[in-house]
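Asker: Handing you a structure now.
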Amino acid sequence: MTAKSIIDINQLSYRYEKDTVLEQINLAIPEGSFLAIVGPNGSGKSTLLKLILGLLKIQKGEIYLFGEELSKFKDWQKIGYVSQKANSFNTGFPASVFEVVLSGLTKKVGMFKFFKKEHSQKVMDALTAVGMEKFSNRNIGELSGGQQQRVFIARALVSDSKLLILDEPTVGVDAENVGTFYQMLEDLNKKRGITLLLVTHDIGTVSDKVTHVACLNKHLFFHGEAQEFEKLTSEGIQDFYGHGIHLLSHHHH
1 MTAKSIIDIN QLSYRYEKDT VLEQINLAIP EGSFLAIVGP NGSGKSTLLK
51 LILGLLKIQK GEIYLFGEEL SKFKDWQKIG YVSQKANSFN TGFPASVFEV
101 VLSGLTKKVG MFKFFKKEHS QKVMDALTAV GMEKFSNRNI GELSGGQQQR
151 VFIARALVSD SKLLILDEPT VGVDAENVGT FYQMLEDLNK KRGITLLLVT
201 HDIGTVSDKV THVACLNKHL FFHGEAQEFE KLTSEGIQDF YGHGIHLLSH
251 HHH
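Residue numbers (UniProt numbering): 1 to 253.
Okay, structure coming up:
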């Protein structure tokens, strides 16, 4: 196990009744990296995230978080998680952007404790990190899908997370805003040193922002640096997906 891995996965397999979804996955995610996990629908991506987050029980293999075995890991405030479901948020919910992000501190501060000035500062810092500080007083329901998603990322960051896990975060984000959304994630990774684990279908859009790519389809077909991934031929990717795929690369010069 490398000392600097934030997540270490060894020989991980998982099945739902008769269907094996993950088979002998070995994956080390270094601190400070930005990893995109890609794969077709039903390839086990969401199952892998649920296993890492302790939402599913490990059947075979092992997972270490920050060097500690998953079953013994308690320091969950180090990990921020933004699910796909963040986009199906109840828009009638009467809370301001500030309050939604502040709710990310309840684990640290306690449910009914008074929030201090330093907590307000933390909320504003988290909102600034995702470019949403001007919206702090706005009702969460008034925001677009992409803006809401940024707020949920701020909520995940507010407790000083070292690792941010995002499951298809651009579902519900307008196509023209996807690029700036990924730019914001790259800034979180490069400027704030947050390790990012992203499940995505947008591999062409994100390939020049991430540091590493993992291709998952029950097995781990590829895991390496983004530049190595870009050298893969379309035939190689086609074999992995089981059908043709149009790989677009968006290098912004």
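Glycine included, each C-beta is placed from N, C-alpha and C at the ideal position.
A quick note: this is a predicted structure, and the numbers were derived from the prediction, not measured.
1. Nearest-angstrom Cα distance between D8 and G44?
2. For V213 and E225, what's the separation of their Cα atoms in angstroms?
3. Answer with buried or exposed for T2, where buried requires no fewer than 16 other C-beta atoms within 10 angstroms of its C-beta.
4. Spatial neighbours of F73 within its chain, please: C-beta separation below 6 Å, excluding the five flanking residues on both sides.
5. From the DSSP output, read off the bridge partner residues of A214.
6. Taking buried to mean at least 16 other C-beta atoms within 10 Å of its own C-beta, is Q183 buried or exposed?
7. In whole angstroms, what is the alpha-carbon distance linking E17 and T128?
8. By DSSP's criteria, S96 is part of a beta bridge. Which residues make up the other side?
9. Where does Q121 land, buried or exposed, given buried means 16+ other C-beta within 10 angstroms?
10. Tell me whether N189 is buried or exposed, calling it buried when 16 or more other Cβ atoms sit within 10 Å of its Cβ.
11. Under DSSP, the alpha helix (DSSP H) around G204 begins and ends at which residues?
12. Which of the three DSSP states, helix, strand or coil, is assigned to I245?
13. DSSP on S13, reduced to helix/strand/coil?
14. With the cut-off set at 7 Å, would you say L220 and I25 are in Cβ contact?
15. Determine, using beta-carbon pairs with one atom in the region 142 to 154 and one in the region 94 to 105, whether at least three such pairs fall under 8 Å.
16. Helix, strand or coil for T47, going by three-state DSSP, please let me know.
17. Buried or exposed for A156, please, with buried defined as at least 16 other CB atoms from any protein chain shown within 10 angstroms of its CB.
18. Count the other C-beta atoms from every protein chain shown that fall within 10 angstroms of the C-beta of D202, then say buried if there are 16 or more, exposed otherwise.
19. Apart from the five residues just before and just after L49, which ones in its own chain have a Cβ nearer than 7 Å to its Cβ?
20. Report the CB separation of I79 from S161 in whole angstroms; it is logged as a contact under 8 Å.
21. S83: which of N177, F152 and E142 sits nearest, CA to CA?
22. By DSSP, does D125 sit in helix, in strand, or in coil?
23. Quick check: is the beta carbon of V178 nearer than 7 Å to any beta carbon in chain D?
24. Name the residue from N217, E230 and E228 whose alpha carbon lies nearest to the alpha carbon of N41.
Answerer: So, from the listed chains and residues:
1. For D8 and G44, the distance between alpha carbons rounds to 17 Å.
2. Within the model, the alpha-carbon separation for V213 versus E225 is close to 6 Å.
3. A caution first: T2 carries a pLDDT of 44, below 50, which makes its placement in the model unreliable, though a value can still be read off. Exposed, since its Cβ has fewer than 16 Cβ neighbours within 10 Å.
4. Only L65 meet the Cβ criterion.
5. Beta bridge pairing from DSSP links A214 with I37 and H223.
6. Exposed, since its Cβ has fewer than 16 Cβ neighbours within 10 Å.
7. Roughly 45 Å separates the two Cα atoms.
8. Residue pairing by DSSP places S96 opposite N139 in a beta bridge.
9. Q121 should be labelled exposed.
10. The residue is buried, with at least 16 neighbouring Cβ atoms inside 10 Å.
11. Its alpha helix (DSSP H) spans residues I203 to V206.
12. At I245 the pLDDT is 47, less than 50, meaning the model places this residue with poor confidence and gives no usable figure here.
13. Correct three-state label for S13: strand.
14. Contact flag set, yes.
15. Using a C-beta cut-off of 8 Å, the region 142 to 154 makes contact with the region 94 to 105, since at least three inter-stretch Cβ pairs fall below that distance.
16. DSSP, reduced to helix, strand and coil, places T47 within a helical segment of the structure shown.
17. Around the beta carbon of A156, a 10 Å sphere encloses 16 or more other beta carbons of the protein chains shown; the residue is thus reported as buried.
18. The C-beta of D202 has 16 or more other C-beta atoms within 10 Å across all chains shown, which makes the residue buried.
19. Around L49: I165, D167 and V199.
20. About 6 Å; that satisfies the 8 Å criterion.
21. Nearest Cα to S83 within the set N177, F152 and E142: F152.
22. Note: D125 maps to helix in three-state DSSP.
23. Note that chain D does not occur in the displayed structure, where there is just one protein chain.
24. Taking the Cα of N41 as reference, the smallest distance to any Cα among N217, E230 and E228 is reached at N217.
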